[in-house]
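Notes to accompany the following structure.
Number of protein chains: 2
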Amino acid sequence: MKQKLKIIKIGGNVINDKDALSSFLADFSKIKEAKILVHGGGKRASEMISELGLKPKMVNGRRVTDESTLEIVIMVYAGLLNKNITAELQKNNCNAIGLSGVDANTILAHKRIIKDVDYGFAGDVDAVNSDIIKVLVDNELTPIFCAITHDKNGQLLNTNADTIAAELAKGMSNYFVVELIYCFEKLGVLADVNNEETLIEKIDFISLSFLKKENIIAEGMLPKIDNCFDALQSGVAKVIIGKPEVIIDNNLKHTTLTL
Amino acid sequence: MKQKLKIIKIGGNVINDKDALSSFLADFSKIKEAKILVHGGGKRASEMISELGLKPKMVNGRRVTDESTLEIVIMVYAGLLNKNITAELQKNNCNAIGLSGVDANTILAHKRIIKDVDYGFAGDVDAVNSDIIKVLVDNELTPIFCAITHDKNGQLLNTNADTIAAELAKGMSNYFVVELIYCFEKLGVLADVNNEETLIEKIDFISLSFLKKENIIAEGMLPKIDNCFDALQSGVAKVIIGKPEVIIDNNLKHTTLTL
Chain A
143 MKQKLKIIKI
153 GGNVINDKDA
163 LSSFLADFSK
173 IKEAKILVHG
183 GGKRASEMIS
193 ELGLKPKMVN
203 GRRVTDESTL
213 EIVIMVYAGL
223 LNKNITAELQ
233 KNNCNAIGLS
243 GVDANTILAH
253 KRIIKDVDYG
263 FAGDVDAVNS
273 DIIKVLVDNE
283 LTPIFCAITH
293 DKNGQLLNTN
303 ADTIAAELAK
313 GMSNYFVVEL
323 IYCFEKLGVL
333 ADVNNEETLI
343 EKIDFISLSF
353 LKKENIIAEG
363 MLPKIDNCFD
373 ALQSGVAKVI
383 IGKPEVIIDN
393 NLKHTTLTL
Chain B
143 MKQKLKIIKI
153 GGNVINDKDA
163 LSSFLADFSK
173 IKEAKILVHG
183 GGKRASEMIS
193 ELGLKPKMVN
203 GRRVTDESTL
213 EIVIMVYAGL
223 LNKNITAELQ
233 KNNCNAIGLS
243 GVDANTILAH
253 KRIIKDVDYG
263 FAGDVDAVNS
273 DIIKVLVDNE
283 LTPIFCAITH
293 DKNGQLLNTN
303 ADTIAAELAK
313 GMSNYFVVEL
323 IYCFEKLGVL
333 ADVNNEETLI
343 EKIDFISLSF
353 LKKENIIAEG
363 MLPKIDNCFD
373 ALQSGVAKVI
383 IGKPEVIIDN
393 NLKHTTLTL
C-alpha cells in the first residue's frame with residue numbers, strides 16, 4: 143500500500159508575517175506523515191528590488207523577471223527565505239532540506255514562450271524527478287522547495303509556487319497517496335469573497351461545472367481551481383484549500399476538492 | 143573496501159572570474175569518482191553589501207558578520223552562487239545538489255565565542271552529519287556546499303569555507319577514502335611566495351616541523367597547513383593544494399600533504 147504524503151504550499155500571507163510563519167512552521171513540524179513544503183516569495187523580493195533601486199514589474203499578477211530581477215529572486219527565494227525556513231524547521235526537529243528545482247535536477251522547466259507578454263526568465267514546468275525526491279523522503283528528510291527551477295541548460299527560472307506544488311503533487315503520486323494543501327488567507331473557496339459564511343466545503347467534478355456555469359467561483363480563483371482538478375485527474379488523491387492552521391486542525395473549516 | 147571521494151574547495155580566484163568558473167566546473171564534472179564541492183563567497187557578497195549602502199568589515203582577513211551582512215551572505219552564498227554553480231553542473235550532466243549546512247542538518251556549528259574580536263554571526267563547526275551526506279553520494283548525487291551552517295536553534299551562521307571542506311573531509315572519512323583538494327591561485331605551497339620554482343611538492347609530518355622551524359612556510363599559509371594536518375590525523379587520506387586545473391590534470395605540479 144502506498145504511504146501518505148502531504149504537500150503544503152504557503153504564500154505571502156504566511157511568509158510576510160514573522161509570527162505567522164513561526165507558528166505555521168511549528169504546526170508543520172508536528173505533521174507525522176511524510177511531507178513537502180513549497181513556499182512562495184512574499185514581499186521581501188520586491189523590497190530588495192526597491193532597495194537596489196530597481197522597479198518590480200508585474201503583468202496579470204505575475205512578476206516579469208528580467209536578468210537583475212532573476213538575480214534577486216534567486217537570492218531571496220533560494221537563499222534568504224529557503225534557508226531561514228529550513229533553519230527554523232531544524233530547530234523544531236523537522237529534518238528539512240531546502241531545495242530549488244535545480245538541486246538534484248528535481249524540477250525541470252523551460253523559459254516561458256513569448257505570446258502577448260514577455261515574462262522574461264519565468265519558467266513553465268516540464269517534469270518533476272519524483273525518483274530522487276522519493277529517496278529523500280524515504281530517508282526521513284522533508285524537502286522544502288522554493289519557486290526556482292532550471293532548464294538543464296544552465297539557466298535558473300522564476301516559477302509560480304502554486305504550479306510547483308501541483309506538479310510535485312502529480313509527480314509524487316506515482317509513489318504516494320498525495321494530499322495537496324494550499325494555505326491562503328481565507329477559509330477556502332467562497333461564493334462571496336467577502337463573506338466566510340459562503341464557504342464551499344466540497345467541490346467535485348460535477349459541482350465544479352455547475353459553479354462555473356453559474357459564475358459562482360470568482361474569476362481569480364478559476365485558474366487555481368482548474369489546476370487543482372488537473373492535479374486530481376493526474377492521480378493526486380485530494381486537494382485542500384484553507385487557512386494555514388488547517389494543516390493540523392481537523393476541525394477548521396476548509397474547501398476539499400476531489401474528483 | 144572503501145570507495146574514493148574527492149572533496150574540492152574553490153575560492154574567490156575561481157568564483158570571481160566567469161570563464162575560470164565555467165572551465166573549472168567543466169573539469170569538475172569530468173571527475174568520475176564520488177565528489178563534493180565546497181565554494182567560498184568571492185567578491186559578489188562585498189559588492190552586494192556596497193550596493194545596499196553598507197560597508198564590508200574585515201578583521202584578520204575574516205569577515206565580521208552583523209545581522210544585515212548575514213542576510214546578504216546567505217542570499218549570495220546559498221542563493222545566487224550555490225544555485226548558479228549547481229545549474230551549470232546540471233548542464234554538464236553532473237547531478238549536483240546545492241546545500242547549506244542547515245539542509246538535512248549536514249553541518250552543525252555554534253556562533254563564535256567572543257575573545258578579542260566579535261565576529262558576529264560567524265560559525266565554528268561542531269559536527270558533520272556524514273550519514274546523510276553518504277546517502278546523497280550513494281544515490282549518485284554530488285553535494286555542492288556553500289559556507290553557511292546553522293546552530294540547530296534557528297540561527298544561520300557564516301562559516302569559513304576552508305574549514306567546512308576540512309570538516310567534511312574528516313567526517314566523510316568514516317565511509318570513504320577521502321582526498322581533500324584546496325584550489326587556489328598558486329601551484330601549491332611555495333618557499334618563496336613570489337617564485338613558483340620554489341614549490342614544495344611534498345610535505346609530511348616530519349618535513350612540516352622542519353619547514354616551521356626554519357620559517358620556510360609563509361605566515362598566512364601556516365593555519366591552512368595546520369588544518370590540513372589536523373584533517374590527515376583525523377583519517378583523511380591525502381590533502382592537495384594547487385591550481386584549479388589540478389583536479390583533472392595529473393601532470394600539473396602541486397603540493398601533496400600526507401602524514
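Sequence lines, in order, name chains A and B.
If you use this note's numbering, the first sequence closes out at 401, no skipped numbers anywhere.
If you use this note's numbering, the second sequence closes out at 401, no skipped numbers anywhere.
Backbone N, C-alpha and C define an ideal beta-carbon position, used for all residues, glycine too.
Only a predicted model underlies this, so the values are computations on that prediction, with no experimental measurement involved.
Taking the C-beta atoms as reference points, residue 318 of chain A is found nearer than 8 Å to residue 147 of chain A. Straight-line spacing of the CA atoms in residue 169 of chain A and residue 187 of chain A works out to 25 Å. No Cβ of chain A is located within less than 8 Å of the beta carbon of residue 210 of chain B. The DSSP-derived three-state label of residue 149 of chain A is strand. Among the residues of chain A, those whose CB is under 7 Å from the CB of residue 239 of chain B are 245 and 246, following chain order. Of A:392, A:163, A:382 and A:391, the smallest CA-CA separation from residue 399 of chain A is found for A:382.
Proximity to residue 336 of chain A across A:327, A:184 and A:349 peaks at A:327, based on C-alpha coordinates.
Among the bridge pairs identified by DSSP, residue 266 of chain B is matched with B:252. The DSSP assignment places 160 to 172 and 186 to 193 as complete runs of the alpha helix (DSSP H) inside the segment 158 to 211 of chain B, in order along the chain (cut-off: 4 residues).
Taking the beta carbon of residue 283 of chain B as reference, the chain A residues within 8 Å of it are 246 and 274, listed in sequence order. The C-beta of residue 217 of chain A has 16 or more other C-beta atoms within 10 Å across all chains shown, which makes the residue buried. DSSP places residue 377 of chain A outside both helix and strand once states are collapsed to three, so it counts as coil. Within the segment 284 to 296 of chain B, 290, 292, 294, 295 and 296 place their CB atoms closer than 7 Å to a CB of chain A, listed in sequence order. Residue-level contact check: residue 303 of chain B does not touch chain A, since none of the beta carbons of chain A fall below 8 Å from its beta carbon.
Considered as a whole, the segment 295 to 381 of chain B harbours 303 to 314, 347 to 355 and 363 to 375 as its complete alpha helix (DSSP H) runs of no fewer than 4 residues, in chain order.
Taking 9 Å as the Cβ-Cβ cut-off, the segment 328 to 339 of chain B has no residue approaching chain A. Between the segment 194 to 207 of chain A and the segment 270 to 278 of chain B there are fewer than three C-beta pairs closer than 8 Å, too few to call the two in contact. In this chain, residue 401 of chain B is not harboured by any alpha helix (DSSP H), its DSSP state being neither H nor E. Annotation: Cβ neighbours of residue 232 of chain A in chain B (cutoff 7 Å, chain order): 244, 247, 292 and 294. Within chain B, the residues placing a beta-carbon under 7 Å from that of residue 298 of chain A are 225, 226 and 229, ordered along the chain. Measuring C-alpha to C-alpha distances from residue 359 of chain A to each of A:260, A:330, A:385 and A:387 identifies A:330 as the nearest.
DSSP lists A:239 as the beta-bridge partner residues of residue 285 of chain A. For the segment 172 to 200 of chain A, the set of residues with a beta-carbon nearer than 7 Å to any beta-carbon of chain B comprises 193 and 194, in chain order. For residue 290 of chain B, the enclosing beta strand (DSSP E) has its first and last residue at 290 to 292.
When secondary structure is reduced to three states using DSSP, residue 383 of chain A falls in the strand class.
When only Cα atoms are considered, residue 290 of chain A and residue 320 of chain A end up about 22 Å apart. Within chain B, not a single residue places a beta-carbon under 9 Å from that of residue 156 of chain A; the smallest gap is close to 17 Å. Excluding sequence positions up to five before and after residue 242 of chain A, its CB lies within less than 6 Å of the CB of 220, 288 and 290, all in the same chain and listed in chain order. Among the residues facing chain A, residue 222 of chain B is included, as its CB has a counterpart in that chain under 8 Å away.
When the five nearest sequence neighbours on each side are left out, the beta carbons in the same chain lying within less than 6 Å of the beta carbon of residue 276 of chain A are those of 317, in order along the chain. Between residue 293 of chain A and residue 252 of chain A a beta carbon distance of about 6 Å is seen, short of the 8 Å cut, so the two are scored as contacting. Between the beta-carbon of residue 254 of chain B and that of residue 240 of chain B there is about 25 Å, and that puts the pair past the 8 Å contact cut. For residue 390 of chain B, there is no enclosing alpha helix (DSSP H), as DSSP marks it with neither H nor E. By the criterion of a C-beta distance shorter than 7 Å, residue 171 of chain A is surrounded in its chain by 231, 234, 235 and 236, once the five residues flanking it on both sides are discounted. Taking a Cβ-Cβ threshold of 7 Å, the residues of chain A close to residue 213 of chain B are 222, in chain order. Using a Cβ-Cβ cut-off of 7 Å, residue 277 of chain B is close to 281 of chain A, given in chain order.
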